[in-house]
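**Q** In our numbering, the protein residues as written are 9 to 316. Attaching a single structure in C-alpha cells format; questions to follow.
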C-alpha cells in the first residue's frame with residue numbers, strides 16, 4: 009500500500025536488486041556493451057518512449073528506489089483524476105530522466121524476475137533459453153504502477169506459465185537460465201492498444217532493426233553458456249523471425265506452422281529455434297507441438313502436463 013494505492017506485486021529488497029544487477033553485469037559485461045546494443049535498448053533515450061530499459065552498469069539501488077517513489081506519486085495523481093493518459097506518460101518519462109534509470113532493473117520487469125530466479129553466476133555454465141515476445145504495453149497501462157522495484161513476471165502469470173516448460177519454474181541446478189526479450193524494447197505510446205503489430209510511422213523501431221538488436225544480444229550472450237536456444241511467442245514475433253530461419257520451408261501463420269512442423273526445432277542465425285503461439289491465447293496452442301518441442305530442447309514436460 010502506498011498512500012492508499014494497492015499494489016499487486018511485492019517490492020524487491022535491496023539485496024535482491026543487487027543480485028539482479030550482478031546477473032545482468034555478468035551476462036553483459038561492460039566490454040561487451042556495443043554501441044549497437046546501447047542503441048537497441050535505448051540507453052541514450054533516442055526514442056520518445058524508450059524508458060523500459062535501464063543501463064544496469066550505471067544503475068544503483070538508490071536511483072531505482074527513487075524512481076519507484078516518483079512513479080507512485082504520479083500514479084496517485086492519475087488515480088485521483090488529475091492527469092490525462094498522455095500527461096501521465098510524460099510525467100513518468102520525466103521521472104525516469106531525473107533519476108537516470110528506466111522502469112526495470114535491466115531489460116524489462118519480466119527479465120528481471122526470470123534472471124533473479126534462474127541465474128546463479130556461481131554455477132557452472134548452464135543452458136540458456138531466450139524467450140522472444142513482441143513488445144511491452146503502453147506506458148502507464150500496467151496492472152501495477154510503473155516501477156523497476158516490483159517483482160512481476162512469468163512466475164506470477166498463470167495463463168502464461170501453463171504453456172511453458174516445467175523446468176522454467178523448478179529452480180534446480182540443471183534447469184536453464186531464462187532470458188526474456190521483447191523484439192520491441194520500448195513502451196507503446198500512452199493510450200495505445202496493448203496488442204497487435206506496430207507501425208514504424210508512429211516512431212517505433214522497424215522489425216528489421218529489432219531483429220538486428222536480437223541478433224546482437226544472441227551474439228554477446230550465447231558464448232557464455234553450454235547451449236543456447238530460442239523460443240518465440242506469438243504471431244508477430246514469428247513473422248519477424250521466420251525470414252531468418254535457416255533452409256527450411258515455413259508457413260506465414262504460427263498456427264499453420266505448428267501443423268506443418270509439429271514440435272520441430274528450426275534454426276535461426278545458427279541457434280536452435282522453437283516457435284509457438286502466444287501463451288496468453290491458450291486456444292491457439294497445439295499441446296503436441298509443445299510436448300514434442302520441449303522434449304527436443306531438453307526442457308522436460310509442459311506445465312499443463314505436471315500435476316501440482
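Don't be surprised by glycine CBs; every beta carbon is placed ideally from N, CA and C.
For residue 141, which beta-bridge partners are listed by DSSP?
**A** 190
**Q** Quick check: the Cα distance between residue 312 and residue 171, rounded to an integer number of angstroms?
**A** 6 Å
**Q** Which residues in the same chain have their Cβ closer than 6 Å to the Cβ of residue 7, if we skip the five residues on either side of it in sequence?
**A** Given a span of 9 to 316 for the chain in the structure shown, any question on residue 7 remains unanswerable.
**Q** For residue 244, is the classification buried or exposed, using 16 other Cβ atoms within 10 angstroms of its Cβ as the cut-off for buried?
**A** Under this definition residue 244 is a buried residue.
**Q** If you scan the region 270-297 from start to end, which runs of the beta strand (DSSP E) of 3 or more residues do you find wholly inside it?
**A** 274-276 and 279-284
**Q** So residue 171 is in the beta strand (DSSP E); what residue range does that whole segment cover?
**A** Neither: residue 171 is in no beta strand (DSSP E) and is coded neither H nor E.
**Q** Any idea which residues DSSP pairs residue 235 with across the strands?
**A** 135
**Q** Identify every residue that forms a DSSP beta bridge with residue 241.
**A** According to DSSP, residue 241 bridges with 284.
**Q** Is it true that the region 152-165 meets the region 214-222, where meeting means three or more beta-carbon pairs spaced less than 8 Å apart?
**A** Not touching, per the Cβ criterion.
**Q** Assuming contact is defined by CB atoms lying nearer than 9 Å, are residue 173 and residue 261 in contact in what I supplied?
**A** no
**Q** Spatial neighbours of residue 111 within its chain, please: CB distance less than 7 Å, with the 5 preceding and 5 following residues excluded, ordered by chain position.
**A** 59, 60, 104, 154, 155 and 156
**Q** Please return the same chain residues whose Cβ sits closer than 6 Å to the Cβ of residue 10, not counting the five positions on each side in sequence.
**A** Low confidence applies here, because residue 10 scores a pLDDT of 48, under 50, leaving its location unreliable and the question unanswered by this model.
**Q** Quick one: is residue 310 buried, meaning 16 or more other Cβ sit within 10 Å of its Cβ, or exposed?
**A** buried
**Q** Work out the CA separation of residue 187 and residue 287 for me, nearest whole Å.
**A** 16 Å
**Q** Short of 6 Å in beta carbon distance, which residues of its chain neighbour residue 15, apart from the five on each side in sequence? Order them along the chain.
**A** 152
**Q** Please classify residue 132: is it buried, with 16 or more other beta-carbons within 10 angstroms of its beta-carbon, or exposed?
**A** exposed
**Q** Please classify residue 162: does DSSP put it in a helix, a strand, or coil?
**A** helix
**Q** For residue 129, count the other beta carbons within 10 Å of its own beta carbon; 16 or more makes it buried, fewer makes it exposed. Which is it?
**A** exposed
**Q** Would you mind stating whether residue 113 and residue 25 have Cβ atoms separated by less than 9 Å?
**A** yes
**Q** By alpha-carbon positions, which one of 223, 168, 55 and 92 ends up nearest to residue 278?
**A** 223
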